[in-house]
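First residue of the sequence shown? That's 9 in my numbering, and the numbers climb one at a time after it.
These notes concern the structure reproduced below.
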Amino acid sequence: MEEKTNPMMDAVNGYFENQEKILKGLKTLINVDYSGSDETPKELVYSEDKMKLYHYKPEVKTPNKVPILIVYALVNKQYMMDLQEDRSLIRNLLKGGQDIYIIDWGYPTQEDQYLTMDDYINGYINNCVDFILKEKGIPKLNLLGVCQGGTFSLIYTALNQKKVKNLVTLVTPLDFSTNDGLLFKWGKDLNLRKAAKAFGVVPGDFMNMGFIMLKPYDLAIDKYLNVIPDMDDPQKMANFLRMEQWIFDSPGQAGATLAEFTEEMYHKNALYKGEFELAGEKVDLKKITCPVLVVLGKKDNQVPPAATRPIMDAVGSKDKEMAEFDTGHIGIFVSGRSQREVAPKINDFLNKRK
Numbered sequence: 009m010e011e012k013t014n015p016m017m018d019a020v021n022g023y024f025e026n027q028e029k030i031l032k033g034l035k036t037l038i039n040v041d042y043s044g045s046d047e048t049p050k051e052l053v054y055s056e057d058k059m060k061l062y063h064y065k066p067e068v069k070t071p072n073k074v075p076i077l078i079v080y081a082l083v084n085k086q087y088m089m090d091l092q093e094d095r096s097l098i099r100n101l102l103k104g105g106q107d108i109y110i111i112d113w114g115y116p117t118q119e120d121q122y123l124t125m126d127d128y129i130n131g132y133i134n135n136c137v138d139f140i141l142k143e144k145g146i147p148k149l150n151l152l153g154v155c156q157g158g159t160f161s162l163i164y165t166a167l168n169q170k171k172v173k174n175l176v177t178l179v180t181p182l183d184f185s186t187n188d189g190l191l192f193k194w195g196k197d198l199n200l201r202k203a204a205k206a207f208g209v210v211p212g213d214f215m216n217m218g219f220i221m222l223k224p225y226d227l228a229i230d231k232y233l234n235v236i237p238d239m240d241d242p243q244k245m246a247n248f249l250r251m252e253q254w255i256f257d258s259p260g261q262a263g264a265t266l267a268e269f270t271e272e273m274y275h276k277n278a279l280y281k282g283e284f285e286l287a288g289e290k291v292d293l294k295k296i297t298c299p300v301l302v303v304l305g306k307k308d309n310q311v312p313p314a315a316t317r318p319i320m321d322a323v324g325s326k327d328k329e330m331a332e333f334d335t336g337h338i339g340i341f342v343s344g345r346s347q348r349e350v351a352p353k354i355n356d357f358l359n360k361r362k
């Protein structure tokens with residue numbers, strides 16, 4: 009004989025079980041330790057204004073004699089590449105034999121509002137490159153550019169090919185004509201010159217609100233609902249909070265550079281068309297002749313593959329390769345696939361071209 013169930017009692021028991029889980033989750037949330045970001049050992053070796061250049065401690069006995077300079081985007085902090093010990097692209101590159109330097113752009117203040125792309129590329133990036141070359145006593149280094157930092161790295165290499173041995177771009181936009189993704193649709197009509205005039209340095213919170221509006225339900229509601237079942241799991245909550253800390257740790261943007269980048273790239277698509285000039289000098293990507301590795305995420309909705317793939321035809325290099333991974337924009341850095349495939353691919357590419 010089947011035992012009868014009482015729907016009312018089942019509902020009551022379920023209610024109290026959920027309440028207990030939520031209370032336990034809140035206690036976990038309050039007490040969880042989510043430190044661990046940006047903890048791979050490194051030292052400050054050079055600074056200029058707000059910009060700082062760090063050198064990571066090598067993790068192999070004989071690292072690659074050609075060091076990497078990593079150029080991250082201006083809009084977020086570079087420690088996404090070292091978010092936690094077991095999900096660190098930096099650590100995996102170090103274990104693969106790389107000797108790594110990385111630029112931390114800092115947090116611009118109002119005195120930085122008039123900085124231009126020329127200041128960042130011909131100024132800060134070039135000064136970091138020259139510092140490393142002098143310190144190591146070498147003629148060339150490897151350059152690894154991320155997102156907007158990859159666009160900057162393409163420009164820098166085209167103007168300074170003699171200083172770059174190998175170029176790697178990660179989730180880097182070049183062809184801004186695509187309408188894949190709202191950012192590229194909206195970008196063509198954004199007037200950030202007005203924002204620059206109003207703010208001077210455009211606040212990071214202002215920029216974050218724009219990014220959230222690209223996928224408002226997913227980024228403002230759904231992700232918080234999805235974390236509720238894991239609230240009583242300290243490890244999962246620590247991972248979630250590390251990501252949240254990084255997302256909202258957004259530096260302000262020098263208004264002049266933000267407006268210039270939007271107008272020249274999103275509005276005019278000038279770099280891809282061969283019409284972009286930096287400090288009066290035409291930037292010809294065909295002048296990039298060093299080996300190039302282009303890395304993209306096939307599920308990237310911030311820098312869609314259609315914006316990245318044209319790099320292959322735009323550069324003048326004969327030795328060039330594109331690596332596409334089944335992941336999104338952030339997944340390139342922190343996914344399990346990143347640990348298993350992305351870092352090894354970069355290591356393999358660079359170690360074969362020492």
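Positions of the beta carbon are idealized from the N, C-alpha and C atoms, including for glycine.
Report, in whole angstroms, the separation of the C-beta atoms of T270 and T180, which I expect to be a contact under 8 angstroms.
Going by Cβ atoms, the distance from T270 to T180 rounds to 16 angstroms, so no, they are not a contact pair.
Which class does Q243 belong to by DSSP, given the choice of helix, strand or coil?
helix
If we ignore side chains and look at the alpha-carbon of each, how far apart do D321 and D183 end up?
11 angstroms
Going by beta-carbon coordinates alone, are C136 and L91 separated by less than 8 angstroms?
no
Entirely within the segment 248 to 289 and at least 4 residues each: give me those alpha helix (DSSP H) ranges in chain order.
263 to 269 and 278 to 281
With distances taken Cα to Cα, identify the nearest neighbour of F192 among P116, L149, V291 and H275.
H275
Using DSSP with H/G/I as helix, E/B as strand and the rest coil, what is A351?
helix
Alpha helix (DSSP H) segment containing K144, residue limits
N134 to K144
Since V68 and G44 should fall inside the 8 angstroms C-beta cutoff, what is the C-beta to C-beta distance between them, to a whole number of angstroms?
With a Cβ gap of about 22 angstroms, V68 and G44 do not count as contacting.
Between the Cα of P313 and those of D334, I38 and K328, spot the shortest distance and give me the residue it belongs to.
D334
Count Cβ pairs between the segment 299 to 307 and the segment 323 to 343 that sit closer than 8 angstroms; are there 3 or more?
yes
Measuring CB to CB, does L279 end up less than 8 angstroms from I98?
no
So if DSSP puts I110 in a beta bridge, which residue, or which two residues, is it bridged to?
Y62 and I78
Cα-Cα separation, V176 to F341:
14 angstroms
So, for L123: in the same chain, excluding its five sequence neighbours on each side, which residues have a beta-carbon less than 8 angstroms away from its beta-carbon?
P116, A262, A264 and T265
CB-CB length for N150 against V79, believed under 8 angstroms:
Between V79 and N150 the Cβ distance is about 11 angstroms, and since that is not below 8 angstroms, they are no contact.
By alpha-carbon positions, which one of D308, K294 and Q347 ends up nearest to A166?
K294
Quick check: M59 and L286, are their CB atoms within less than 8 angstroms of each other?
no
Per-residue DSSP class, three states only, for D90
strand
Given a threshold of 16 other Cβ atoms within 10 Å of its Cβ, counted over all protein chains shown, does P259 qualify as buried or as exposed?
buried
Span separating the alpha-carbon of M273 from that of D241:
43 angstroms
Would you list the one or two residues that DSSP bridges to A331?
V303
With a threshold of 16 other CB atoms inside 10 Å of the CB of S185, please say whether the residue is buried or exposed.
exposed
Under 7 angstroms: does the beta carbon of N84 sit that close to some heavy atom of the ligand ZN?
In terms of ligand content, the structure shown is empty, and the ligand ZN therefore cannot be addressed.
Within 10 angstroms of the Cβ of Q121, are there 16 or more other Cβ atoms? Answer buried if so, exposed if not.
buried
Bridge-paired residues (DSSP) for V176:
L152 and L301
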